[in-house]
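Read the structure below first, then the notes.
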Amino acid sequence: MKRLILGGVRSGKSRLAEKFALGSGLAVTYIATATVQDGAMQQRINHHQARRPKEWQLIEEPYRLADMLQKEARADRFLLVDCLTLWLTSLLLLDDETRLAQELAALQQCLPTLPGEIALVSNETGLGVVPMGELSRRFCDEAGFLHQNLAQICDQVILTVAGLPHFLKGKPDAT
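Counting from 1, position 166 in the sequence shown corresponds to residue 173 in this note's numbering; the numbering is continuous, with no gaps.
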C-alpha cells in the first residue's frame with residue numbers, strides 16, 4: 008500500500024501516518040527529510056521524535072529520497088517519509104535544476120515498484136494565494152505537480168484537516 012497524506016501545517020498529517028505505521032504490525036523505518044536550520048525547526052523535530060516509538064528506525068535523508076526508499080523497502084517493513092515538501096525545499100535550495108529533476112523523476116519511477124507499505128507525508132500548499140516571491144511560487148508549483156503525480160501512483164490519497172482524514176482516493180481502512 009502506498010499512501011500520500013497531505014495537509015496544512017499542524018493538520019494532523021504526521022500523526023495519521025504514524026497511526027497507520029503503528030497499526031501495520033510491520034517494522035517501521037521513519038525517513039526524515041528535515042534539516043535543522045534554526046531553533047523553531049529543532050523544536051518541531053524534537054516534538055516528532057518524542058511522539059515516535061523508540062523501536063522505530065530513523066534515517067535522515069534530505070536529498071536522495073528515491074535511493075533511500077529503494078534501499079530500505081521490504082515486504083515486511085513500513086516506510087514513513089516525513090515530509091516531501093521539506094525534501095523539495097532542500098532540492099530547490101541546491102540551485103541545481105538537473106538534480107531537482109533527477110530526484111523528482113527517480114521518486115516517481117521507483118515508487119510503484121517498491122515492496123511493503125509506504126506513507127508519504129507532505130504539506131498541501133495549493134489552497135492559498137499565489138505567493139509573490141519567485142522562489143515561493145516555484146516551490147508551490149513544484150509541490151503541486153509532485154502531489155498530482157504521486158496521487159496517480161499511490162493507492163490512497165488522504166487530505167487531513169483539523170486532525171480529520173478525508174479520503175480522496177482509496178477506501179478508508181480500519182486504522
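Cβ atoms here follow ideal geometry from the backbone N, Cα and C, with glycine treated the same way.
query	result
Where SER5 falls: helix, strand or coil (DSSP)	Within the shown structure, residues of the chain are numbered from 8 to 182, placing residue 5 beyond reach of any answer.
Inside the stretch 98-145 only - alpha helix (DSSP H) runs reaching at least 4 residues	104-117
Straight-line gap, ARG22 to GLY140 (C-alpha atoms, nearest Å)	31 angstroms
Classification of LYS20 by the beta-carbon crowding that lies within 10 angstroms, buried from 16 upward	buried
Cβ-Cβ distance between ARG10 and ALA113 below 8 angstroms	no
At least 3 beta-carbon pairs within less than 8 angstroms: the stretch 87-98 vs the stretch 130-147	yes
Terminal residues of the beta strand (DSSP E) in which GLY30 lies	That residue, GLY30, is in no beta strand (DSSP E); its alpha helix (DSSP H) goes 20-31.
Neighbour-count burial assignment, GLU67, 16 or more Cβ in a 10 Å radius	exposed
Residue interval of the beta strand (DSSP E) (run including LYS78)	Per DSSP, LYS78 belongs to no beta strand (DSSP E); it is in the alpha helix (DSSP H), 72-79.
Terminal residues of the beta strand (DSSP E) in which ARG59 lies	Run containing ARG59: none; DSSP gives neither H nor E here.
Distance between TYR70 and LEU98 (C-alpha atoms, nearest Å)	6 angstroms
Where GLY170 falls: helix, strand or coil (DSSP)	coil
Distance between beta carbons of GLU110 and ALA73, contact taken as under 8 angstroms	7 angstroms
Member of VAL88, LEU142, ARG81, ALA82 whose CA lies at the smallest distance from the CA of LEU65	VAL88
Host beta strand (DSSP E) of THR40 (start-end)	Premise fails: THR40 is in no beta strand (DSSP E) and is neither H nor E.
Proximity below 8 angstroms, CB of HIS173 to CB of ILE165	yes
8 angstroms Cβ shell around GLU79 - same chain, five flanking residues per side excluded	THR36, ILE38, ILE66, LEU86
Cα-Cα separation between GLY30 and THR120, rounded to whole angstroms	23 angstroms
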